[in-house]
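Here this note's numbering is used: position 181 in the sequence shown is 189, and no number is missing along the way. Glycine included, every Cβ here is placed at the ideal spot set by N, Cα and C.
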Amino acid sequence: MERNINTILVTGGAGFIGSHVLRLLVNKYPKKQFVNLDTLTYAGNLENIKDIASLPNYHFEKADIRDVAELGKLFDKYQFDGVIHLAAESHVDRSIENPLAFVETNVIGTVNLLNAAKNLWKDDFSNKLFYHISTDEVYGSLGKTGLFTEETAYDPHSPYSASKAASDHFVRSYFDTYDMPTIISNCSNNYGPNQFPEKLIPLFINNIKNNKSLPVYGDGQYTRDWLYVIDHARAIDLIFSKGELGETYNIGGFNEYTNIDLIHLLCDLMDKKLGREKGSSRKLIKFVKDRPGHDKRYAIDAQKINKELGWKPSVNFEQGLSETLDWYLANETWLHNITSGSYKDYYKEMYKERT
Ligand code: NAD
Ligand code: TYD
Numbered sequence: 009m010e011r012n013i014n015t016i017l018v019t020g021g022a023g024f025i026g027s028h029v030l031r032l033l034v035n036k037y038p039k040k041q042f043v044n045l046d047t048l049t050y051a052g053n054l055e056n057i058k059d060i061a062s063l064p065n066y067h068f069e070k071a072d073i074r075d076v077a078e079l080g081k082l083f084d085k086y087q088f089d090g091v092i093h094l095a096a097e098s099h100v101d102r103s104i105e106n107p108l109a110f111v112e113t114n115v116i117g118t119v120n121l122l123n124a125a126k127n128l129w130k131d132d133f134s135n136k137l138f139y140h141i142s143t144d145e146v147y148g149s150l151g152k153t154g155l156f157t158e159e160t161a162y163d164p165h166s167p168y169s170a171s172k173a174a175s176d177h178f179v180r181s182y183f184d185t186y187d188m189p190t191i192i193s194n195c196s197n198n199y200g201p202n203q204f205p206e207k208l209i210p211l212f213i214n215n216i217k218n219n220k221s222l223p224v225y226g227d228g229q230y231t232r233d234w235l236y237v238i239d240h241a242r243a244i245d246l247i248f249s250k251g252e253l254g255e256t257y258n259i260g261g262f263n264e265y266t267n268i269d270l271i272h273l274l275c276d277l278m279d280k281k282l283g284r285e286k287g288s289s290r291k292l293i294k295f296v297k298d299r300p301g302h303d304k305r306y307a308i309d310a311q312k313i314n315k316e317l318g319w320k321p322s323v324n325f326e327q328g329l330s331e332t333l334d335w336y337l338a339n340e341t342w343l344h345n346i347t348s349g350s351y352k353d354y355y356k357e358m359y360k361e362r363t
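The following block contains the structure:
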C-alpha cells in the first residue's frame, strides 16, 4: 500500500466481496491493522473469513453502521486512518420488498460512517482516506450499445440502486463540502466463492444441484457484465493504495452475457461436473414473471482504472465460473448451513408468484 494509512476499518467484511477484500489485504499487509465491522445480517457469515480470523493484524467487531453511538466508540477505540466501506443491503429483489431497510443501512449508515470519520479526523485529513464501494447499477440501464463511464449521469431504477446512488452523492458531498479525502468505485456484477445464494449464479448452482427449477426472469435477454470477485478485490487494493482523491473509478469485467446465455453455460458446466447427461440441467429452466423495473443492460467502460492504475481482470469468465462451481460443490456444509434455516422462508416468499 503506497499510502501511509495503517489502521483500516473494513465494513461488511463478513459478506461476499468484503471477505475476499479482507483476505487479500490482511495477508498482503501484515504490518497494517484491519478491523472488520459487520452486524452479521443474513448475508454476513464469519465462516467466509475463518482462515484469517486468528491473524494478529485482523480484528472483528460485531456492530451496526446504523448505530451512531457504537460507531463513535469504535472510531475512538481504534483511531482509524482509513475506511473501506462495503457494508450494505445488496440484493435488488429484497429492496423491492423492503426499500426502507436499504435507506437505513445504505444511505443513513453511510452518512453515519462519514460523520464518525469526520468527527475523529477533524480538519486534519493528511494520510486519511474514506473509500466507498458502489455499483454500476447507479447509472441505470443501457440500450443495445454504449458503456457506463465515470461521467455517465446517475439514473437508478431499483430501491437498491437508488439507495447506493444516494450514498455515493453523500460521499461526494463530503469531499466537496468538507474536503474529506474520499474515493468511490462503481463495479459491475461480481461472482465467485462465498456469494449468498440469492444472486443469480449461486442460486442457480444450488437449484441445479437439488434438481429444482431455474427461475429466469422475463425473457432472459437481460445483460450483465460479470467480474470475478478476486479481480474486484485486486482493484479495491489498488484504488485504496493509489487512487486519486475525489475521483471515481469504474470497475468491470469487459465480459457481457445475456442471462440466458450465461444460464446455458452454467447448466452445461454443471452437467459435466455432476456427471449428468448433457442437457439435463437446461430442462430445469423456467421462464417466470419478470422483476419490476428490471434494468435491461449493464456494461462498464473500465479504461480509466486500466490506464491510470494499470488494473485489468486476471481471470477469464469460463475459468472463473468453473472454479466457482468447484468451490460450491466442494463446500456443501457452507451451502447447507446457509440454505437450511430462514433461507427456505425467503425462497418461498420471493418466488411464490414465480414458480
Ligand atoms: P453482501 O450482501 O454479501 O454483504 C454485505 C455485508 O454487509 C454482510 O456481511 C452484512 O452482514 C453487512 N451489513 C449489512 N448491513 C449492515 C449494517 N447495517 N451494519 C453493519 N454491517 C452490515 O454484499 P456484497 O455482494 O459483498 O457487496 C458488498 C458491497 O459491494 C456493497 O456495498 C454492494 O453494494 C457493492 N457491490 C456489490 C456487487 C455485487 O455484484 N455483489 C457489485 C458492485 C458493488
Ligand atoms: P442478480 O444476481 O440479482 O444481480 P443484479 O440484479 O444486481 O444484476 O441478478 C442478475 C440477473 O439475473 C438480473 O438480470 C436478474 C436475473 N435473475 C433471474 O433471472 N432469476 C433469478 O432468480 C435471479 C436472482 C436473478
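Around the C-beta of residue i, are 16 or more other C-beta atoms found within 10 angstroms, so that it is buried, or is it exposed?
{"i": "His344", "result": "exposed"}
{"i": "Gln203", "result": "buried"}
{"i": "Glu206", "result": "buried"}
{"i": "Glu264", "result": "buried"}
{"i": "Asp131", "result": "exposed"}
{"i": "Thr113", "result": "buried"}
{"i": "Lys304", "result": "exposed"}
{"i": "Glu97", "result": "buried"}
{"i": "Lys36", "result": "exposed"}
{"i": "Thr332", "result": "buried"}
{"i": "Lys352", "result": "exposed"}
Since residue i sits in a beta bridge, which residues does DSSP pair it with?
{"i": "Cys195", "result": "Thr143 and Ile259"}
{"i": "Lys320", "result": "Paired residues: none, contrary to the question."}
{"i": "His240", "result": "According to DSSP, which records beta bridges pairwise, His240 is partnered with nothing at all."}
{"i": "Leu17", "result": "Val43 and Val91"}
{"i": "Thr49", "result": "Per DSSP, none; premise fails for Thr49."}
{"i": "Ile271", "result": "Answer is none; Ile271 lacks a bridge partner."}
{"i": "Leu235", "result": "Asn198"}
{"i": "Arg305", "result": "Thr231"}
Considering Cα atoms alone, identify which of the options is closest to residue i.
{"i": "Arg374", "options": "Asp334, Asn215 and Glu55", "result": "Outside the shown range of the chain, which is 9 to 363, sits residue 374, and nothing can be said about it."}
{"i": "Glu159", "options": "Val100, His99, Asp144 and Thr231", "result": "Asp144"}
{"i": "Gly154", "options": "Arg232, Ala307 and Asp279", "result": "Ala307"}
{"i": "Thr231", "options": "His140, Ile268 and Asp75", "result": "Ile268"}
{"i": "Asp239", "options": "Leu292, Lys152 and Ser196", "result": "Ser196"}
{"i": "Arg74", "options": "Tyr199, Lys294, Leu48 and Phe156", "result": "Leu48"}
{"i": "Glu78", "options": "Tyr162, Asp59 and Asp46", "result": "Asp46"}
{"i": "Ile346", "options": "Val43, Glu55, Ser27 and Ile16", "result": "Glu55"}
{"i": "Arg242", "options": "Thr19, His28 and Leu17", "result": "His28"}
Enumerate in chain order the residues of its own chain whose CB-to-CB distance from residue i is below 7 angstroms, with the five nearest sequence positions on each side excluded.
{"i": "Val296", "result": "Pro223, Val224, Tyr225, Arg362 and Thr363"}
{"i": "Glu316", "result": "none"}
{"i": "Tyr50", "result": "Ser350"}
{"i": "Asn12", "result": "Asn135"}
So, for residue i: in the same chain, excluding its five sequence neighbours on each side, which residues have a beta-carbon less than 6 angstroms away from its beta-carbon?
{"i": "Phe24", "result": "Asn202 and Gln203"}
{"i": "Pro167", "result": "Ser103, Pro107 and Phe110"}
{"i": "Gly52", "result": "Ala22, Gly23 and Asp46"}
Excluding five sequence neighbours on each side, which residues of the same chain lie with their C-beta closer than 8 angstroms to the C-beta of residue i?
{"i": "Asp309", "result": "Leu155, Phe156, Thr157, Asn258 and Gly260"}
{"i": "Leu235", "result": "Cys195, Ser196, Asn197, Asn198, Tyr199, Ile259, Gly260, Gly261, Asn263 and Pro321"}
{"i": "Ile60", "result": "Leu30, Arg31, Val34, Asn35 and Tyr66"}
{"i": "Leu128", "result": "Phe83, Asp84, Gln87 and Phe88"}
{"i": "Phe133", "result": "Asp187, Met188 and Pro189"}
{"i": "Leu94", "result": "Val18, Thr19, Gly20, Gly21, Gly23, Ile25, Gly26, Val29 and Ile141"}
Just checking, does the stretch 164-181 make contact with the stretch 117-126 on the three C-beta pairs under 8 angstroms criterion? In the pairwise beta carbon analysis, the stretch 164-181 is classified as touching the stretch 117-126: at least three pairs are separated by under 8 angstroms.
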